[in-house]
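Below: the structure, in C-alpha cells.
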C-alpha cells in the first residue's frame, strides 16, 4: 500500500531525511516514531505529495506520488500535524467542502459526512463553528475529514498532539477501529502511544531509520544486542576490614560476582527509602548491585544465585531487568550513525 | 470543474463569515454614496455615471488588494494550505477557484450600487448603454486587479505584505506604461499606452465596448492568475 524506497530530502544542504525505506501493508498500523526534528513530518509530507523527495521513490496503492500525484492523493486520508482547519466554518460545512474536494458524489455526500461524524463522535457539534471547538474536537474534525472518502491509506501526523489522556485513549481506539481494512501510518514522538496502537514501529532519528519491527520483535532484537541487567540486593558489611587487608565483605562478594563467566560489569546502585541506622551500631546493610552481563551470557540468574549461596550471603532480591521499549527508543535515537535492528529494506538501501 | 466550484463557493462564503468582507462592502458603498451624491446628483448635469465610474476605478486600487490579500496568504499562514495541497487537486484548480470567488465577491459588492441607477431612473432618463458599459469596464478592471492580488497573495503568508505588494504592483501596472510612453517615440508610445489598464478602461465610461480591450483585460487577468498557480506549484518543489 505504501512503499518508500531509498528516499532522501534535502533543504538546501541540510539533509532532513536520508535513505529512508519502508513498506506498510494493508490492515497494518505502522508507527513512525522519533524525537522532534527527526524527519517524521518531512517523510509524511513526501508520502502525501506535499513535498517532493530529493531522491528516491514513493508509491501509494501503486501510484507514484510524483508522476501520478493526484491518483496517489486520492487514495490517502491525511491528518496533518495540529489539524489545520478553517475556524470560521461550521463542522458540517467543512466536512461537506472536503467531501466535494475529494470527489465524493453528491448523492453519497450526506451519508459520508454522517458516517465520518459518527465514527469520530462529532454528531453533537456538527452545527458549531470549528473556531469555537476544543482542541480535542478540532482534532476529531481533522480525522473525520481524512476518512470522509473512505481512503485505503490513512496518514496521521501526531494525532494525539495536545490532547488530554482521555482524548488520547479515544484517538487510539479510533485508529485501531479504522485500521481494519486500511493501511494506517501514524507518526508520534510519544512511545507508549505508538507501542499500544501500532503493529509495527519504524524508529527514525536524524533523518534515518534506526529500527523497524513489531514492538515485541524490537525488544527481542534489543535484548540480543543489549542484554538485560541483573539486580541483586545483598546484606553485607561495607566497612573496610583490617583483617582482610582493608577490604570489606562487599568488596569480596563483588570480586566473586565479577569472576563469574559472562559478567561484563558490576556497579552499586542506591536503594531509595531504605531505613538508615542512626546509632551506627549495625555493621551490615542492604546493598543493591547491578550486574551487566556480556551478550554471550544473557541470563546470569543461576550462576549468581549459586555464587551468593556458596558465599553464604543473605540476599533478598535477584531479578533480571529487561530494557523497556522506552530505553530501546532512547538508545536507538541517541546512537550516532549505526542503525539498530533496522529493516532489511533499510539495510539494503545502504544506510 | 466541480472542484473549482467547491473552492469558489467556500472562499466566497468565507468573505461573509469574517468582518473584513462586510467592512470592505460597507466602506465601498459609503464612499460610493458620498461621491454619487456630490458628483452625479447635481442639478443640470446629464443623467450619466461617467464621473462616478472614474472615482470607482480609483477606489478599485485600494478595494481589490483588500479583497485578494487573504486568498492564499491566509492558507499559508494558518497551515490550511497543507490539507488543500494534499487533496486530489491541481494548483490551477485551487488558484482559479479562489480567484473566481474574489471576482464573485467584487460583483456582489457592486450589486447594491445598482440602487444608484434606480435613483437616476427616478429622477431622469439615464443612458443604460453607457452605464452597462461602465459596469462592464469596472468588472474587467477589478478582475485584472484581483488577478494581480491573487499573484501577490501566493508570494507571502503575510496579508499586509500581500496588500502592499498588490497596491504597489497595481500602481506600477497603471502608471509605468503611461510614464514610459511619454518618453518613448512612436509607435512604441502608442503601444505602451494600450498596456495601461486606466487607458483601456476609459472607453467603457463613454459607453464604448472595444473587444480588444475586453480581450486585453481577460488575457492579462488569466496571465496573472496562471502565474499565481505556477508560484503555488513552485512552493511544492522547494
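Protein chains in written order, with my numbering: chain Y, 1 to 351; chain V, 352 to 589. Using N, Cα and C, we set each Cβ at its ideal position, and we do this for glycine too. These numbers come from a predicted model, not from an experiment.
Assigned exposure category for residue i - 16 Cβ within 10 Å defines buried
| i | result |
| --- | --- |
| residue 352(V) | exposed |
| residue 519(V) | exposed |
| residue 269(Y) | exposed |
| residue 337(Y) | Note on residue 337(Y): pLDDT 46, under 50, position unreliable in the model; the coordinate value appears next. That one is exposed. |
| residue 317(Y) | exposed |
| residue 272(Y) | exposed |
| residue 283(Y) | exposed |
| residue 314(V) | Since the first residue shown for chain V is 352 and the last is 589, residue 314(V) is missing from the structure and cannot be characterised. |
| residue 137(Y) | buried |
| residue 14(Y) | exposed |
| residue 473(V) | exposed |
| residue 476(V) | exposed |
| residue 245(Y) | exposed |
| residue 343(Y) | Here residue 343(Y) scores only 41 on pLDDT, less than 50, and its place in the model should not be relied on; the value that follows carries that caveat. Buried: at least 16 other Cβ atoms inside 10 Å. |
| residue 465(V) | exposed |
| residue 139(Y) | buried |
| residue 393(V) | exposed |
| residue 409(V) | exposed |
| residue 24(Y) | buried |
Length of the line joining the Cα atoms of residue i and residue j
| i | j | result |
| --- | --- | --- |
| residue 422(V) | residue 574(V) | 17 Å |
| residue 292(Y) | residue 76(Y) | 47 Å |
| residue 330(Y) | residue 43(Y) | 21 Å |
| residue 243(Y) | residue 253(Y) | 16 Å |
| residue 53(Y) | residue 224(Y) | 35 Å |
| residue 110(Y) | residue 586(V) | 34 Å |
| residue 70(Y) | residue 439(V) | 5 Å |
| residue 41(Y) | residue 437(V) | 14 Å |
| residue 566(V) | residue 428(V) | 35 Å |
| residue 513(V) | residue 415(V) | 11 Å |
| residue 131(Y) | residue 377(V) | 25 Å |
| residue 442(V) | residue 388(V) | 44 Å |
| residue 128(Y) | residue 162(Y) | 21 Å |
| residue 12(Y) | residue 81(Y) | 23 Å |
| residue 156(Y) | residue 576(V) | 33 Å |
| residue 582(V) | residue 218(Y) | 45 Å |
| residue 486(V) | residue 554(V) | 12 Å |
| residue 434(V) | residue 48(Y) | 10 Å |
| residue 222(Y) | residue 288(Y) | 25 Å |
| residue 298(Y) | residue 233(Y) | 19 Å |
Contact set for residue i: own chain, Cβ-Cβ below 8 Å, skip 5 residues either direction
| i | result |
| --- | --- |
| residue 172(Y) | 160, 193, 196 and 197 |
| residue 247(Y) | 240 and 241 |
| residue 26(Y) | 1, 152, 181, 182 and 183 |
| residue 36(Y) | 189 |
| residue 96(Y) | 109 and 113 |
| residue 90(Y) | 126, 127, 128, 129 and 130 |
| residue 120(Y) | 140, 141, 143, 144, 147 and 174 |
Contacting residues, own chain, Cβ-Cβ under 7 Å from residue i (five flanking each side not counted)
| i | result |
| --- | --- |
| residue 543(V) | 528, 531, 532 and 535 |
| residue 546(V) | 528 |
| residue 296(Y) | 262 |
| residue 28(Y) | 183, 199 and 200 |
| residue 449(V) | 358, 362, 422, 423 and 501 |
| residue 124(Y) | none |
| residue 524(V) | 499 and 548 |
| residue 274(Y) | 286 |
| residue 432(V) | 426 |
Close Cβ partners of residue i (< 6 Å) along its chain, the five nearest in sequence each way excluded
| i | result |
| --- | --- |
| residue 59(Y) | 3 |
| residue 516(V) | 503 |
| residue 355(V) | 444, 447 and 448 |
| residue 505(V) | 423, 579, 582 and 583 |
Assumed close pair residue i, residue j - CB separation to whole angstroms, cut-off 8 Å
| i | j | result |
| --- | --- | --- |
| residue 405(V) | residue 556(V) | 7 Å |
| residue 552(V) | residue 493(V) | Residue 552(V) to residue 493(V), Cβ: 10 Å. No contact. |
| residue 425(V) | residue 510(V) | 7 Å |
| residue 255(Y) | residue 38(Y) | At roughly 44 Å, the Cβ-Cβ gap does not stay under 8 Å, so residue 255(Y) and residue 38(Y) are not in contact. |
| residue 541(V) | residue 456(V) | Actually they do not touch by this definition, with Cβ atoms about 35 Å apart. |
Given residue i as reference, the closest of the options once Cα atoms are compared
| i | options | result |
| --- | --- | --- |
| residue 237(Y) | 212(Y), 74(Y), 286(Y) and 97(Y) | 286(Y) |
| residue 55(Y) | 46(Y), 62(Y), 63(Y) and 61(Y) | 46(Y) |
| residue 480(V) | 468(V), 491(V) and 473(V) | 468(V) |
| residue 407(V) | 419(V), 384(V) and 424(V) | 384(V) |
| residue 62(Y) | 235(Y), 5(Y) and 80(Y) | 5(Y) |
| residue 400(V) | 483(V), 364(V), 561(V) and 369(V) | 483(V) |
| residue 101(Y) | 453(V), 451(V) and 444(V) | 444(V) |
| residue 179(Y) | 31(Y), 333(Y) and 303(Y) | 31(Y) |
| residue 452(V) | 412(V), 561(V), 420(V) and 379(V) | 420(V) |
| residue 20(Y) | 212(Y), 301(Y) and 310(Y) | 212(Y) |
| residue 326(Y) | 313(Y), 216(Y) and 115(Y) | 216(Y) |
Contact with chain C by residue i, beta-carbon distance below 9 Å
| i | result |
| --- | --- |
| residue 503(V) | No chain C appears in the structure shown, which is made up of the protein chains Y and V. |
beta-carbon residue i near the ligand MG non-hydrogen atom, thresh 8 Å
| i | result |
| --- | --- |
| residue 13(Y) | As for the ligand MG, it is missing from this structure, which has no ligand bound. |
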